[in-house]
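Residue numbers (UniProt numbering): 1 to 277.
(1) Along the chain, where does the alpha helix (DSSP H) containing residue 212 start, and where does it finish?
(2) Does the segment 169–179 come close enough to the segment 144–153 to have 3 or more Cβ pairs within less than 8 Å?
(3) In angstroms, rounded to a whole number, what distance separates the CA positions of residue 165 and residue 48?
(4) So what's residue 58 in DSSP terms, helix, strand or just coil?
(5) With DSSP as the reference, identify every bridge partner of residue 222, one or two as the case may be.
(6) For residue 44, is the classification buried or exposed, using 16 other Cβ atoms within 10 angstroms of its Cβ as the cut-off for buried?
(7) Could you spell out where the beta strand (DSSP E) holding residue 250 opens and where it closes?
(8) With H, G and I counted as helix, E and B as strand and the rest as coil, what does DSSP make of residue 77?
(9) Determine the extent of the beta strand (DSSP E) in which residue 98 is found, giving its start and end residues.
(10) Taking the beta strand (DSSP E) that residue 129 falls in, what are its first and last residues?
(11) Give the secondary structure of residue 158 by DSSP, where H, G and I count as helix, E and B as strand, and everything else as coil.
(12) Beta-carbon within less than 8 Å of residue 108's beta-carbon, same chain only, minus the 5 sequence neighbours each way: which residues are those?
(13) Pick out whichever of 118, 114, 252 and 224 has its Cα sitting closest to the Cα of residue 125.
(14) Would the segment 86–100 and the segment 234–250 be scored as touching if the rule is three or more Cβ pairs under 8 Å?
(15) I need the straight-line Cα distance from residue 112 to residue 106, nearest angstrom please.
(16) Are at least three pairs of beta-carbons, each pair with one atom in the segment 80–87 and one in the segment 241–251, less than 8 Å apart?
(17) Out of 97, 51, 88 and 200, point me to the one whose CA is closest to residue 222's CA.
(18) Could you check the C-alpha separation between residue 233 and residue 184 for me, to the nearest Å?
(19) I'd like to know whether the C-beta atoms of residue 264 and residue 149 end up nearer to each other than 8 Å.
(20) To the nearest angstrom, report how far apart residue 195 and residue 218 are at their CA atoms.
(21) Among 88, 77, 57 and 54, whose alpha-carbon lies nearest the alpha-carbon of residue 246?
(22) Going along the chain, which residues of its own chain have a beta-carbon closer than 7 Å to the beta-carbon of residue 273, five neighbours each way excluded?
(23) To the nearest angstrom, how far is it from the Cα of residue 55 to the Cα of residue 160?
(24) The alpha helix (DSSP H) spanning residue 122 covers which residue range?
(25) Using the beta-carbon count (16 or more within 10 Å), is residue 231 buried or exposed?
(26) For residue 139, which option in 80, 102, 186 and 180 has the closest C-alpha, if you only look at C-alpha atoms?
(27) Under the three-state reduction of DSSP, which class applies to residue 143: helix, strand or coil?
Now the structure itself:
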């Protein structure tokens with residue numbers, strides 16, 4: 001019976017074991033040869049190309065961030081809080097349907113308590129504190145009439161971020177369309193009609209100036225709508241907007257909240273401007 005393998009072996013002739021043919025020597029040499037300079041140069045070029053691409057991507061990222069800030073600085077360049085608030089831009093879907101529900105708008109009819117609460121969260125923001133250097137940056141002369149907080153309240157000048165004034169104006173005009181829901185507005189309208197309407201006119205004109213200042217050039221298209229004979233504008237579109245959240249967060253973190261029942265008061269002898277600004 002044959003074994004599957006055998007421990008016996010046949011001795012090779014010494015001359016066969018110690019001698020390599022020319023073909024064998026060539027094969028051995030090709031297997032142990034170091035990479036050629038051309039191959040190493042190719043690897044080096046690939047590494048350099050990768051580093052170049054990474055550097056370019058980093059440069060574009062930094063440039064884009066600076067570009068965003070440069071664009072915003074053109075509008076808010078004099079604001080002393082500009083560099084303290086992240087200048088972030090995010091995609092926003094504008095929804096302008098005549099009838100739709102959002103946290104800032106009831107589906108139909110007067111505002112609900114929840115809707116009013118949502119508006120309060122973005123408008124009930126107290127003023128903040130400014131220093132001498134802040135007035136200098138804003139190119140505002142140091143008037144004797146400029147309102148300051150008392151030393152007991154921490155001192156400094158009284159200031160307010162404009163967007164919250166503008167939102168207040170939007171809210172005021174909107175509430176006027178439902179004035180029957182707001183007795184406090186009815187009372188002012190009845191007792192001081194000129195002051196009340198001056199307030200509305202002021203708000204409308206402030207918003208007009210701000211809209212013309214920013215000059216939105218986004219494009220709105222039109223659609224045919226069932227039951228409507230004329231082209232109907234499509235008020236819903238995508239925008240790139242400044243992120244409002246950091247602005248609100250900064251305002252809330254730096255608002256000056258006086259003790260309950262107190263307010264900034266005019267002391268005797270203080271200089272007063274002859275007219276309103």
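C-beta atoms are modelled at their ideal positions from N, C-alpha and C, and glycine is treated no differently.
Walking through what the data contain:
(1) 193–214 is the span of the alpha helix (DSSP H), which, as asked, contains residue 212.
(2) Contact between the segment 169–179 and the segment 144–153 is absent, because fewer than three Cβ pairs lie under 8 Å.
(3) Between residue 165 and residue 48, the C-alpha separation is close to 54 Å.
(4) Taken through DSSP and simplified to helix, strand or coil, residue 58 comes out as helix.
(5) 233, per the DSSP bridge assignment.
(6) Exposed is the call here.
(7) Counting along the chain, residue 250 falls outside any beta strand (DSSP E), though it belongs to the alpha helix (DSSP H) covering 244–254.
(8) When secondary structure is reduced to three states using DSSP, residue 77 falls in the coil class, being assigned neither helix nor strand.
(9) It is not in any beta strand (DSSP E) - residue 98 carries neither H nor E in the DSSP assignment.
(10) That run of the beta strand (DSSP E) goes 128–130.
(11) Correct three-state label for residue 158: strand.
(12) Around residue 108: 99.
(13) Closest by C-alpha distance to residue 125, out of 118, 114, 252 and 224, is 252.
(14) They touch, by the three-pair rule.
(15) One C-alpha to the other measures close to 6 Å.
(16) Yes, the segment 80–87 is in contact with the segment 241–251.
(17) Taking the Cα of residue 222 as reference, the smallest distance to any Cα among 97, 51, 88 and 200 is reached at 97.
(18) When rounded, the distance between both Cα atoms is 36 Å.
(19) In this structure, residue 149 lies closer than 8 Å to residue 264 by Cβ.
(20) Straight across, the Cα-Cα distance linking residue 195 with residue 218 is about 36 Å.
(21) The shortest Cα separation from residue 246 among 88, 77, 57 and 54 belongs to 88.
(22) Annotation for residue 273: 145 place their beta carbon closer than 7 Å to its own, counting only its chain and skipping 5 residues before and after.
(23) The alpha-carbon atoms of residue 55 and residue 160 are separated by roughly 42 Å.
(24) Its alpha helix (DSSP H) spans residues 113–123.
(25) Label assigned to residue 231: exposed.
(26) When only C-alpha atoms are compared, the closest one is 80.
(27) Reduced to three states, the DSSP call for residue 143 is coil.
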